[in-house]
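The next block holds one structure in the form of structure tokens; read it before the comments.
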Amino acid sequence: METVLSLHGVNQSEKDEAGTVNITNLYMKKVLVIGGGGREHAIVDALSRSPQVGKIYCAPGNAGISAQAECVAIKDTDVEGLKAFALENSIDLAVVGPEVALAAGVVDAFKEAGLRIFGPSKAAATIEASKDFAKQLMAKYDIPTAAFETFEDYEPALEYVKKGSFPVVLKYDGLAAGKGVVIPETLEEADEALKDMLLDARFGKGKVVVEEFLTGPEFSFMCFVDGLDVYPMTLSQDHKRAYEGDKGPNTGGMGAYSPVPIISDEDVEYAMEKIMKPTAAGMVAEGCPFTGVLYGGLMKTPNGVKVIEFNCRFGDPETEVVLPRLASDIYDIFSAVADHTPMPQIEWRKEVTMGFVMASKGYPGSYDKGYEILGLDKLPEDIRVFHMGTSLKDGKFYTAGGRVLMVVGSGADLQEAHDKALAAVESIGCDNLFYRRDIGWRVL
Ligand code: AMP
Ligand code: GLY
Numbered sequence: 036m037e038t039v040l041s042l043h044g045v046n047q048s049e050k051d052e053a054g055t056v057n058i059t060n061l062y063m064k065k066v067l068v069i070g071g072g073g074r075e076h077a078i079v080d081a082l083s084r085s086p087q088v089g090k091i092y093c094a095p096g097n098a099g100i101s102a103q104a105e106c107v108a109i110k111d112t113d114v115e116g117l118k119a120f121a122l123e124n125s126i127d128l129a130v131v132g133p134e135v136a137l138a139a140g141v142v143d144a145f146k147e148a149g150l151r152i153f154g155p156s157k158a159a160a161t162i163e164a165s166k167d168f169a170k171q172l173m174a175k176y177d178i179p180t181a182a183f184e185t186f187e188d189y190e191p192a193l194e195y196v197k198k199g200s201f202p203v204v205l206k207y208d209g210l211a212a213g214k215g216v217v218i219p220e221t222l223e224e225a226d227e228a229l230k231d232m233l234l235d236a237r238f239g240k241g242k243v244v245v246e247e248f249l250t251g252p253e254f255s256f257m258c259f260v261d262g263l264d265v266y267p268m269t270l271s272q273d274h275k276r277a278y279e280g281d282k283g284p285n286t287g288g289m290g291a292y293s294p295v296p297i298i299s300d301e302d303v304e305y306a307m308e309k310i311m312k313p314t315a316a317g318m319v320a321e322g323c324p325f326t327g328v329l330y331g332g333l334m335k336t337p338n339g340v341k342v343i344e345f346n347c348r349f350g351d352p353e354t355e356v357v358l359p360r361l362a363s364d365i366y367d368i369f370s371a372v373a374d375h376t377p378m379p380q381i382e383w384r385k386e387v388t389m390g391f392v393m394a395s396k397g398y399p400g401s402y403d404k405g406y407e408i409l410g411l412d413k414l415p416e417d418i419r420v421f422h423m424g425t426s427l428k429d430g431k432f433y434t435a436g437g438r439v440l441m442v443v444g445s446g447a448d449l450q451e452a453h454d455k456a457l458a459a460v461e462s463i464g465c466d467n468l469f470y471r472r473d474i475g476w477r478v479l
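Be aware that the sequence shown starts at 36, since it is given in this note's numbering, and climbs by one per residue.
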């Protein structure tokens, strides 16, 4: 196929081998989604509902995504490879999923090449990549968060922990895929964790943020941000611990639902005015304006809503329950942020969603791959299955990651969404998957 017309971002069409111009693609946009997990599957799914989008590529994508997008074998951190692909294929817009791609500078490289891309610059992505940067920003701009102190050396960190109370929160200052946070209950545990983080260099030489332990329900507040302008998404709640009853190690997330009825409109208003908007303004003032999704991992503590963490991208698995509820055209939203043009009204469906992650036994530790997954073709039509880590061979799906599937049900209320999703999860057969049955326990 040969592109016969490519006025960047305006229109394009293709000629097939016989030289016939394919006018169904005329004016239709070509989008490249970067990443290959459940979040990217949900982004691809939302884009596929846009009447403006004619072709979706996903790099690298995964087996499930390949049903809705053309997957291209380029790693999400291969900035030069992604840029070359986007230029060769006259991509109208790129959308970045994972933090590693942002931290690798994919947005900066695309912009330098004159390509349109949705996501923050490498500098702005520091709000997630460095816990210390985020905490210093919050301290400077009076954004409510847990009291903290940052250490580069083991001895002073241990002295500080000895003087404080338990549990205490220790956060490794760098990207650790949700696994760089430990919450020791005793001095012995804290000592071991500090040694791990600051002496053994298991994570690489870095810093540790020692933080006050807060209590209360957590929720994820994702906003589309373009410099000073902040546009809220509907709320969601993740379940970070691996096992039922919020026990076991921290994971990337074992399930989510949207909206979150235990968080009031006043809490959301407060979070917008005291947290999200001042953070966006702080990033502008610091010379690294944020464009993309700013994810506030927030907690409703007895002393008000506070920040637990910021992420510089859509949450995973939150995106898989939030984007199915988006009634507006996501291409318009991404474009408004990428082009710094006025944002259209963002509408949400009343229908609510809840999803269960099916993960490989052993996750978030080591696990085996390659187990066949049965029953995906027999699920009810209103069940959405977002693939997080699967492979496809001879028409059969196999496990290929730690988190494997996010199975989302929807309904008029969260109980209905829960029951549908759980029934779907129980009907999926696989010898090496586990899941939490108590997703949504705070609200059911
Ligand atoms: P983070 O990667 O910063 O989101 O931390 C992972 C998880 O650790 C959070 O979702 C919380 O459940 C917990 N956590 C982090 N910071 C705190 C804190 N200051 N107080 C209580 N729990 C926390
Ligand atoms: N689900 C939490 C995250 O995306 O970081």
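Each residue gets a CB set at the ideal place from its N, CA and C atoms; glycine is no exception.
In whole angstroms, what separates the C-alpha of residue i from that of residue j?
| i | j | result |
| --- | --- | --- |
| Met257 | Ala316 | 16 Å |
| Ala212 | Met63 | Only weak support exists for where Ala212 lies, its pLDDT of 49 falling under 50; the value from the coordinates is given anyway. Between Ala212 and Met63, the C-alpha separation is close to 35 Å. |
| Ala291 | Thr376 | 32 Å |
| Ser293 | Glu190 | 43 Å |
| Phe349 | Leu329 | 8 Å |
| Pro252 | Glu123 | 47 Å |
| Ser200 | Glu246 | 10 Å |
| Asp167 | Gly339 | 22 Å |
| Gly464 | Tyr305 | 44 Å |
| Ile91 | Lys396 | 33 Å |
| Arg151 | Leu128 | 5 Å |
| Met311 | Asp466 | 43 Å |
| Tyr366 | Val196 | 48 Å |
| Gln47 | Tyr176 | Unreliable placement is indicated for Gln47, whose pLDDT of 41 sits below 50; no coordinate value is reported for it. |
| Gly405 | Ala121 | 32 Å |
| Asp412 | Gly99 | 12 Å |
| Val319 | Asp261 | 10 Å |
| Ala228 | Val295 | 33 Å |
| Gly6 | Arg477 | Since the first and last residues shown for the chain are 36 and 479, residue 6 lies out of range. |
| Leu483 | Leu427 | There is simply no residue 483 to check, as the chain begins at 36 and stops at 479 in what is shown. |
| Ala459 | Lys146 | 42 Å |
| Asp473 | Glu416 | 23 Å |
| Asp208 | Phe186 | 10 Å |
| Lys341 | Leu67 | 35 Å |
| Val114 | Gly140 | 7 Å |
| Val79 | Lys385 | 22 Å |
| Lys198 | Ala452 | 46 Å |
So, using beta-carbon positions, are residue i and residue j closer together than 7 Å?
| i | j | result |
| --- | --- | --- |
| Phe183 | Val244 | yes |
| Cys93 | Ala81 | no |
| Met423 | Gly72 | yes |
| Val204 | Ala225 | no |
| Ile343 | Ser363 | no |
| Leu137 | Cys347 | yes |
| Ala148 | Lys170 | no |
| Val131 | Thr112 | no |
| Gly436 | Gly327 | no |
| Val392 | Ser271 | no |
| Phe254 | Ile218 | no |
| His76 | Phe369 | no |
| Val372 | Leu449 | no |
| Arg74 | Thr269 | no |
| Pro352 | Gly288 | yes |
| Gly410 | Ser462 | yes |
| Phe345 | Ile109 | no |
Looking at C-alpha atoms only, which residue of the options is the closest neighbour of residue i?
| i | options | result |
| --- | --- | --- |
| Asp429 | Glu407, Tyr195, Lys198 and Leu67 | Glu407 |
| Pro267 | Leu193, Leu234, Lys275 and Leu361 | Leu361 |
| Asp143 | Lys157, Phe153, Glu134 and Val130 | Lys157 |
| Ile418 | Met232, Val442 and Thr425 | Val442 |
| Val439 | Leu457, Phe469 and Glu279 | Phe469 |
| Leu15 | Ala452, Thr180 and Gly283 | Residue 15 lies beyond the residue range present for the chain, which begins at 36 and ends at 479; the question has no answer from this structure. |
| Ala277 | Thr269, Ser271, Thr286 and Leu270 | Thr286 |
| Leu414 | Lys282, Gln380, Lys230 and Ala456 | Ala456 |
| Thr434 | Thr354, Arg472 and Ala394 | Ala394 |
| Lys65 | Asp208, Ser125 and Glu308 | Ser125 |
| Lys206 | Lys198, Met232 and Leu193 | Met232 |
| Asp188 | Gly283, Ser85, Ser165 and Lys230 | Lys230 |
| Val216 | Ala159, Pro284 and Val265 | Pro284 |
| Glu308 | Ile178, Ala452 and Ile162 | Ile178 |
| Asn97 | Met378, Ile69, Pro86 and Arg84 | Ile69 |
| Ser101 | Lys242, Phe432 and Glu321 | Phe432 |
I'd like to know whether the C-beta of residue i is nearer than 7 Å to at least one C-beta of chain C.
| i | result |
| --- | --- |
| Glu190 | Of the protein chains in the structure, only one exists, and it is not chain C. |
Could you pull out every unbroken beta strand (DSSP E) segment of at least 3 residues lying fully inside the region 347-416, listed in chain order? Counting only runs of at least 3 residues, the region 347-416 fully encloses the following beta strand (DSSP E) elements, listed from N- to C-terminal order: 387-395.
Pocket of the ligand AMP defined by Cβ to heavy atom distance under 5 Å: Put simply, the residues with a CB less than 5 Å from any heavy atom of the ligand AMP are Ala181, Val204, Val216, Glu246, Phe248, Leu249, Lys275, Gly332, Ile343 and Glu344, in chain order.
Pick out the complete alpha helix (DSSP H) segments inside the region 426-470, 4 residues or longer, and give them in chain order. List check, alpha helix (DSSP H) in window: 449-462.
Counting only runs of 4+ residues fully inside the region 101-179, write out the alpha helix (DSSP H) ranges in chain order. 114-123, 134-138, 141-147, 157-164 and 166-175, all fully within the region 101-179.
What residue ranges within the region 182-212 form continuous alpha helix (DSSP H) runs of no fewer than 4 residues, ordered along the chain? Taking only runs of at least 4 residues, the alpha helix (DSSP H) segments lying wholly in the region 182-212 are 189-198.
Contiguous beta strand (DSSP E) assignments of at least 3 residues, all confined to the region 247-275: Within the region 247-275, the complete beta strand (DSSP E) runs of at least 3 residues fall at 253-261 and 264-267.
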